[in-house]
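Residue numbers (UniProt numbering): 1 to 88.
No residue lacks a Cβ here, since even glycine has one placed at the ideal position from N, Cα and C.
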């Protein structure tokens with residue numbers, strides 16, 4: 001049975017604190033070492049090591065952003081689900 005296509009109007013899920021950090025870390029490493037054509041796995045490993053060594057207070061910035069995105073997502077999803085009920 002073929003997979004049902006995703007609804008383009010459905011809100012995208014929120015990004016996690018770690019994913020936000022990795023995005024920032026990756027950009028930072030690329031700016032710092034532009035001459036290197038580093039493999040994604042190498043960058044991911046470096047970012048992972050940094051994340052593990054960070055204190056909770058250092059991670060707070062990313063956790064706060066992730067929390068606000070989670071809240072936004074829940075609000076958008078509630079609106080989307082309400083619209084789906086009206087369509088039926």
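Check, Outcome
"Starting from the Cα of residue 63, find the closest Cα among 46, 44 and 20 and give me that residue.", "20"
"Would you identify the three-state DSSP class for residue 31, choosing helix, strand or coil?", "helix"
"Taking only the alpha-carbon atoms, compute the straight-line gap between residue 11 and residue 77 and give it to the nearest angstrom.", "6 Å"
"In or out: residue 66 buried (at least 16 other Cβ within 10 Å) or exposed?", "buried"
"For residue 17, does the count of other Cβ atoms within 10 angstroms reach 16, so buried, or fall short, so exposed?", "buried"
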